[in-house]
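Undergrad: Quick note, the sequences are listed as chains A and B, same order.
Position 60 of the first sequence, counting from 1, maps to 60 under my numbering, and the rest follow consecutively.
Position 184 of the second sequence, counting from 1, maps to 184 under my numbering, and the rest follow consecutively.
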Amino acid sequence: MKLIVENLAIDRGERRIFSGVNLAIAAGQALVVTGANGAGKSTLLKAIAGFLRPAEGRIALEGAGEAELREHCHYLAHDNALKPSLSVGENLLFWQSYLGAGPYVETALQRIGLAHTIDLPAGFLSAGQKRRIAIARLLVSDRAVWLVDEPTAALDAASEKMFARLAMEHVAGGGILIAATHQELGLKDAIHLDMGAYTGGVSRTAEMQ
Amino acid sequence: MRALFVRELRLASRVGGGALTGLLFYLAVVTVIPFGVGPDLKLLARIGPAVLWIGALLAGLLGLERLFQQDREDGSLALLLTGHHPLALVVMVKCLAHWVATGLPLIVAAPVFGLFMNMSAEGIGAVVLTLLAGTPAITFIGAVGAAVTVTLARGGLLIAILILPLIIPVLIFGVTAAYGAVEDPAPFLPPFLILCAITLFFAALGPLAAAFAIGQSAE
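1. List the endpoints of the continuous alpha helix (DSSP H) containing B:Asp71.
2. Return yes when the Cβ of A:Tyr198 is within less than 8 Å of the Cβ of B:Gly83, no when it is not.
3. Run through the stretch 103-156 of chain A for me and flag every whole alpha helix (DSSP H) of 4 or more residues, listed as ranges in chain order.
4. Name the chain A residues that come within less than 7 Å of B:Val15, Cβ to Cβ?
5. My assumption, with CB atoms under 8 Å, is that B:Ala146 sits in contact with B:Phe68. Please give the rounded CB distance.
6. List the residues of chain A that B:Thr151 touches, going by C-beta distances under 9 Å, in chain order.
7. For B:Lys94, which three-state DSSP category applies?
8. So is A:Asp11 in contact with chain B if we call contact Cβ pairs under 8 Å?
9. In the stretch 60-91 of chain B, which residues sit with their C-beta less than 7 Å from some C-beta in chain A, listed in chain order?
10. Just checking: is the beta-carbon of B:Leu200 within a distance shorter than 8 Å of some beta-carbon in chain A?
11. Of the choices B:Val112, B:Leu129, B:Asp71, B:Gly206, whose alpha-carbon is the least far from that of B:Pro191?
12. Count the other C-beta atoms from every protein chain shown that fall within 10 angstroms of the C-beta of A:Ser19, then say buried if there are 16 or more, exposed otherwise.
13. Rounded to the nearest angstrom, what separates A:Ile135 and A:Gln183 at their Cα positions?
14. Buried or exposed, going by whether 16 or more other CB atoms sit within 10 Å of the CB of A:Arg132?
15. Below 8 Å, can you find three or more Cβ-Cβ pairs linking the stretch 117-133 of chain A to the stretch 82-99 of chain A?
16. Comparing alpha-carbon positions, which option in B:Gly206, B:Leu171, B:Leu208, B:Pro207 lies nearest B:Ile194?
17. Is it a yes or a no for the stretch 8-24 of chain B touching the stretch 185-194 of chain A, going by three-plus beta-carbon pairs under 8 Å?
18. Can the beta-carbon of B:Gly123 be found closer than 8 Å to that of B:Gly134?
19. Just by C-beta distance, which residues in the stretch 45-57 of chain A are closer than 8 Å to chain B?
20. At the level of alpha carbons, what is the spacing between A:Ala164 and A:Leu155?
21. May I ask you to report which of helix, strand or coil DSSP gives A:Ile10?
22. Which same chain residues, not among the five before or five after B:Arg72, have their C-beta less than 6 Å away from its C-beta?
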């Protein structure tokens with residue numbers, strides 16, 4: 001399994017966000033995308049998740065069967081996609097049955113250290129706890145590609161380490177991780193991509209060569 | 001898909017879900033009519049079907065804004081796009097759940113409101129039947145409006161204006177069929193069948209159009 005991005009360019013409205021992005025990420029690899037605000041980190045993740053149509057280039061997941069790329073992706077955006085009036089367990093069970101089978105919800109909650117919240121309405125939790133529940137969503141369905149956008153926002157130091165551990169486990173298990181972040185995630189052997197090099201409407205890969 | 005249906009029903013029935021809002025609005029609209037019109041029982045019975053239909057239509061418009069907006073605000077809408085099912089099917093299921101949660105209570109309450117309007121048992125039955133056949137169309141048409149305005153902060157009124165021209169035929173044939181059941185020369189079956197046809201047409205077209213609009217607005 002290999003995620004290929006070839007000569008990708010994305011437009012939002014009339015403006016070109018970035019162009020000339022080339023990536024090849026094999027199973028068992030992690031990619032950390034960095035860059036200033038507005039450099040196109042989130043846009044790149046959204047494009048890979050299939051929400052944005054490329055203006056140029058292509059994105060493909062090779063060796064993963066017939067299903068579309070988006071059906072292999074877990075997407076963790078800035079929003080946690082939790083319904084405050086449903087309990088934590090109901091929230092996670094819904095996403096499990098919608099996104100695909102995986103480990104038990106109880107197991108996932110234990111791994112993020114919030115097993116006791118399963119019957120609480122999600123609206124009662126703190127911002128950091130909600131973020132951890134959103135991370136638990138990645139665990140309850142087995143999907144190969146994790147696209148995470150500032151995953152550790154609102155998390156304390158211990159939870160940041162916990163996320164790094166879960167991400168490394170996912171990668172070690174043959175998954176692909178793409179993280180857009182400003183913070184040091186502590187991912188070992190991750191590939192780095194600086195979006196700053198691709199913005200401004202001109203590809204600079206050629207200049208660098 | 002069943003999980004989505006159950007989730008939508010739960011969300012609608014929990015605190016702040018909006019299942020009751022439409023019903024209370026319906027109650028408000030229908031109860032003020034007799035006070036405004038006065039104690040002319042004949043006149044009330046005459047306008048009863050129309051009032052019940054207009055009330056149900058307005059109450060139905062009320063909750064449409066929430067159909068996709070809340071899912072968009074908390075990021076669920078993007079995740080719904082990464083599922084294994086076609087988006088049109090997702091929209092269809094959301095529409096059905098929305099109708100069961102907000103439309104069906106209106107129809108169940110309609111007979112009680114019919115008594116306020118001094119309607120005969122036969123007339124009440126006709127209104128319930130036509131509402132049952134016609135209100136799903138309001139949800140399916142409304143889904144298109146909700147999908148088009150999903151990126152706007154306060155799209156509620158805009159939805160109503162966008163979809164009202166398409167909903168007018170539903171109202172016309174619904175009320176005509178309801179009158180047809182009670183007033184002798186007027187026919188019941190032809191307008192009722194056209195009403196059913198409108199609902200079936202928009203049940204097929206609405207989810208496709210709404211899915212297209214959501215796909216375009218996904219960021």
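Even glycine gets a Cβ: it sits at the ideal position worked out from N, Cα and C.
In this text, all values refer to a predicted model and were calculated from it rather than measured experimentally.
TA: So, to answer that:
1. Segment 66-73, the alpha helix (DSSP H) holding B:Asp71.
2. In this structure, B:Gly83 sits away from A:Tyr198, with a CB-CB distance that is not shorter than 8 Å.
3. 105-111, 127-140
4. Ser85
5. Yes, B:Ala146 and B:Phe68 are in contact; Cβ-Cβ is about 5 Å, under 8 Å.
6. Per Cβ cutoff of 9 Å: no residues; B:Thr151 is ~13 Å from chain A at best.
7. Helix, per DSSP.
8. The beta-carbon of A:Asp11 is placed no less than 8 Å from the nearest beta-carbon of chain B.
9. Asp74, Gly75, Ser76, Ala78, Leu79, Leu81, Thr82, Gly83, His84
10. no
11. B:Leu129
12. The residue in question, A:Ser19, is buried, as its Cβ has 16 or more Cβ neighbours within 10 Å.
13. 17 Å
14. buried
15. yes
16. B:Leu171
17. no
18. Taking C-beta atoms as the reference points, B:Gly123 and B:Gly134 fail to come closer than 8 Å.
19. Those would be Lys46, Ala49, Gly50, Phe51, Leu52, in chain order.
20. 12 Å
21. strand
22. Val150
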